[in-house]
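Okay, so the sequence shown: first residue is 191 according to our numbering, each after it adds one.
Ideal Cβ placement from N, Cα and C applies to all residues, glycine included.
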Amino acid sequence: MSSYQLAVAQVLAEADDTGAWRLWPGDPWCMVAPPKHIRRRQGWKLHLSATARSAPRVLENAARVLVAHGCAFKFAVTPKAAAEMNAVRAVRAMSGKFITAYPADDEQLVRLAAELHAVTEGLPGPAILSDRRYQPGSLVHYRFGCFAHPRELNDEGFYEGRLQAPDGTFVPDRREPWFAPPAWAVDPLAEPAPPAGSAPPGGERKRGAPVLLADRYRVRAAINHSNRGGVYRARDERTGEDVLIKEARPHVASGPDGRDARNWLRHEAEVLERLAPGGPGGIVPAVREVFEQGGHVFLVEDLIDGDTLQRWTTDRLERRHGDDGRIPIPAAWELARELVRLVAQVHDAALVLRDFKPSNVMITPQGRPVLVDLEGAVPLDGRAPVIGTRGFSAPEYLAVSGSAPPAPGTSADCFSLGATLLHATAGISPVLAAEDAPARSAGERIAAIVGAAAPGIPALDALAPLVVGLTADIPERWTLAQAADFLRAAPDPDPARRPPKPRPERPAPPPAPHRLLADGLAHLVETMNPDAAYLWPAPRSLPDGDPCNVQLGAAGVLAVLDRAVRCGHRDAEPALRTAADWLDRRLARPERVLPGLYFGRSGSAWALYEAARTLADEPLAARAAAYALAIPLTGRNPDVCHGLAGAGTAQLHLWHATGDVRFAERAGECADGVLRLLAAADGGVDWPVDGDVRAELAGSSLYGFGHGVAGNAAFLLSAARDLDRSDLLDIAIGGGHALAAVADRRGDVALWPKGPGRTERPGLNFWCNGTSGVGTFLVRLWRVTREDRWLDLAEGAARAVYEERWRMGPGSCHGVAGNAELLLDLHEATGDDRHHARARELGDCIALRAARRHGRLLVPDDTLRDMYASYGVGMAGVLDFLLRLTHGGPRSWLVDRPATVPIPGKGR
């Protein structure tokens, strides 16, 4: 038991000698309930905040009150969990909540609020942004929301709490970082205080209201918001200059020593003054002022024009400057020199940065780097809680324990510098999934990635010895002096003419696909839990979704096990049976059924039917087919992932598989439904004027396959071919012309943005929302029409994803595996072995990200940190690609074969 659990258990033992109260820990909450407790569906509930210092006393005092009133409650299960909920990067809408109480009614809430305030008055704790404070300065807050968190799928396929209005209708229980109860929820407290966090400009004020800080600084824009507070661009009314203002809220990220975000912001000001610039060429922004207002601390500093190094790198690698998408060697070399100089100056001031990374470096319009966000910098001889960013901070320092260990040596910043240069020169993330003992070192693993990637990336190739040297393990890690010596000579862009430099030993080749397949499949078999709510654990980084779907649930993994068994991996057959039976039982439960292929249940029926065929289980196949025929072909979404295009694709597949004409009829119904939804859409894509462009698909809001034009058109293309509907073929071809009209041709590369007016990344080379998905459709359009224009564009998309292979995560939806499927599509369509060879290279990129867990090599999910089975963002989608790479076969979740069953009277 944690210290918190022991404290509550003691309170329960003193108040209830029968032991009837229940206490059961979870993650991150520990629940406490009285005998025969039945939680209400919804209502006003209480939250109490606390700091690391005040938490034990807050919990003990509050628990005595709540137990005395027979009120159920929950609390953060451990001090670590409580700290995470109140950390600088905690989700603002959920932050600060240490205890949640569930009153039986509003009368009890009023009594509890008064008593809880009395027993915690004067103790420190942060404001809870989603709630209203009971009184100014009180730890007691309240909001209206779900008690029992009814699990209902929303239109996106995720579970959400839903509130029932007095008229019987339902609305989502949204947690915003401001107090926002439903209009019909009457506040039971007669004299409510102003909303928590309403002191300007904490981000909780009414939008549009002017903000003047310190009677001097007029806030013009919020650059970002975090749990710590906002970062603002403001105008100094006295000087007329623009400045940057950083805010720290009281008691956020408070440690055992009582220091919180305000102390660290004041500390940052001291660091900036210690590194104060002597003029415009300084290495840090100058401090203008530090002041306090409404309990919040504000740091005013020079506004540094330019982009972060992270954005600077992205812009150049994505050809926004008209180049070839590669950072020139001289530019990379000069950047490395400047960064070495900056870090050396910090060390000369007897400071260590601890959290040096691309987002903490600004590049001015003149190309000069400036250090920003230096709250993590501490004296070399000081002590402080460990902070840092995985991948960019020295791993040996992040592993240090203790509340305030000694500051790391300068070698920690050397690692961060090497990791930053790896990202800056090649866009490669240095984040590595943790390994079990005996683990390979970070230096060894980064060297393997650099060794494989550098030959195709000139800037990284030139700086490879520096990057590998700076990220090496101690004591081999390079010092700044060694780095400066390496960079002293001018680089020669011709590798043949460069003087020999120390280089790492040739790294071992990446693991073969068969090793990743064997280990990955064994992991899927071992981690399956038929007694759990999710057959495989769901990713913690995403909301809870449908446990039966393809994207995050059991169906996607089931389909991969099925493919593995059909490819000869017979060890997976018992798991296939278990998973199929689990999905069969789970689909029988009453629940909202969404039509989509990935987030809905169409993919579930598809996967279950194919597994039943592999298992030669005719009754199971019949149940799967019946389930597919019962999926509602309604809804407001036309796309593949969530809507009718995905449902129609599954219906087409099942028609081919069963010969049941009802599936063909339903596929046609889906096609008509897609067109109706797109015609009725309010806005959508904006096509350039072109005589070949059809208007029917313009109701799509995005270009990619999962959610936009490419996927909708691909379904219509398949339906046109299989159902003999020339009208659908014309529309699909029109979609090709429309996508061609918005293609961004840069040499032999073709790129598509996420959608019209979208600025996230012009070269967003994902399957679901970008270039890879568009190419997936265009290669199929070429196979039907044999018009070379479509093949040319598809190959341009393939070149784009090949060039981006080192910058992507491993996954199917947003990463390398999904992109590599396009290369296999082109190999299958054209017979050109170069596409297959490049797909294998993408497989090597995935393999080098694998981590050793329990004696196996396992591929991490999109975060590069964790291992999850999920098809769209985790291991299963990667294994699906590797199965196709090594054994061949069609691409999953598409209908690429011609129709074999005629439909009388369906030609148009």
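Does the beta-carbon of residue i have 16 or more other beta-carbons within 10 angstroms, so that it is buried, or is it exposed?
i, result
"Gly-704", "Checking the sequence, you will find His at residue 704 rather than Gly. Its Cβ having fewer than 16 others within 10 Å, His-704 is exposed."
"Lys-270", "exposed"
"Arg-231", "exposed"
"Asp-495", "exposed"
"Glu-204", "exposed"
"Trp-942", "buried"
"Ser-601", "buried"
"Val-281", "exposed"
"Gly-901", "buried"
"Glu-808", "exposed"
"Ile-1036", "buried"
"His-1044", "exposed"
"Val-755", "buried"
"Ile-639", "buried"
Excluding the 5 residues flanking residue i on each side, which residues of the same chain have their C-beta closer than 8 angstroms to its C-beta?
i, result
"Val-309", "Asn-251, Ala-252, Arg-254, Val-255"
"Thr-768", "Met-718, Pro-720"
"Ala-1106", "Look at the range of the chain in this structure, 191 to 1098, and you will see that residue 1106 is not part of it."
"Gly-1005", "Phe-956, Met-998, Gly-999, Asp-1052"
"Leu-714", "Trp-726, Val-747, Val-750, Leu-751, Ala-762, Ala-765, Ala-1059, Met-1065, Ala-1066, Leu-1069"
"Leu-844", "Ala-795, Trp-796, Tyr-799, Ala-815, Ala-818, Asp-850, Phe-853"
Please list the terminal residues of the continuous alpha helix (DSSP H) segment that includes residue i.
i, result
"Arg-767", "763-777"
"Ile-519", "519-538"
"Arg-1028", "1023-1037"
"Lys-436", "Run containing Lys-436: none in the alpha helix (DSSP H); it sits in the beta strand (DSSP E), 432-438."
"Met-552", "It is not in any alpha helix (DSSP H) - Met-552 instead sits in the beta strand (DSSP E) that spans 551-553."
"His-927", "916-931"
Hey, is residue i's beta-carbon within less than 9 angstroms of any beta-carbon in chain C?
i, result
"Gly-758", "Considering every chain present, this structure includes no chain C. It has just one protein chain."
According to DSSP, is residue i helix, strand or coil?
i, result
"Val-740", "coil"
"Met-221", "strand"
"Asp-721", "coil"
"Asp-426", "strand"
"Leu-493", "coil"
"His-1017", "helix"
"Tyr-1061", "coil"
"Trp-234", "strand"
"Val-1068", "helix"
"Arg-464", "helix"
"Gly-393", "Confidence at Gly-393 is low in this model, with a pLDDT of 39, below 50, so the placement of that residue should be treated as unreliable; the coordinate-derived value is given next. Gly-393: coil per DSSP, three-state reduction."
"Phe-360", "strand"
"Leu-714", "helix"
"Tyr-324", "coil"
"His-1044", "coil"
Below 6 angstroms CB to CB, which residues in the same chain sit around residue i once its five sequence neighbours on both sides are set aside?
i, result
"Asp-1034", "Pro-700"
"Ala-262", "Ala-223, His-227, Tyr-292"
"Leu-402", "Arg-408"
Report yes if the CB atom of residue i is closer than 9 angstroms to the CB atom of residue j, and no otherwise.
i, j, result
"Pro-475", "Leu-493", "yes"
"His-1025", "Ala-988", "yes"
"Gly-786", "Gly-833", "yes"
"Gly-896", "Ala-840", "no"
"Arg-242", "Ala-272", "In the sequence under discussion, the amino acid at residue 242 is Ala, which differs from the Arg named in the question. It is a contact, given that the beta carbons lie within the stated cut-off."
"Trp-1083", "Val-740", "yes"
"Gly-889", "Pro-828", "yes"
"Gly-315", "Ser-244", "yes"
"Phe-334", "Gly-233", "yes"
"Gly-641", "Val-658", "yes"
Using C-beta distances below 7 angstroms, list every residue in its chain close to residue i, excluding the 5 sequence neighbours before and after it, in chain order.
i, result
"Ser-428", "Rather than Ser, the amino acid found at residue 428 in this sequence is Arg. Excluding positions up to five away in sequence, the list reads Arg-406."
"Leu-1072", "Pro-703, Leu-706, Leu-707, Gly-1033"
"Asp-545", "Gly-566, Ile-577, Gly-578, Thr-579, Ser-583"
"Arg-852", "Leu-819"
"Cys-604", "Leu-660, Arg-667, Trp-668, Thr-669, Leu-670"
The beta strand (DSSP E) that contains residue i, what's its start and end?
i, result
"Pro-559", "559-561"
"Trp-214", "212-215"
"Ala-266", "262-266"
"Arg-335", "A small correction: the amino acid at residue 335 is Gly; Arg does not occupy that position in the sequence shown. 330-336 is the span of the beta strand (DSSP E), which, as asked, contains Gly-335."
"Pro-620", "Looking at the DSSP string, Pro-620 is not in any beta strand (DSSP E), and its letter there is neither H nor E."
"Thr-290", "289-292"
Closer than 8 angstroms to a non-hydrogen atom of the ligand ADP - does that hold for the CB of residue i?
i, result
"Ala-637", "You won't find the ligand ADP in this model; it holds no ligand whatsoever."
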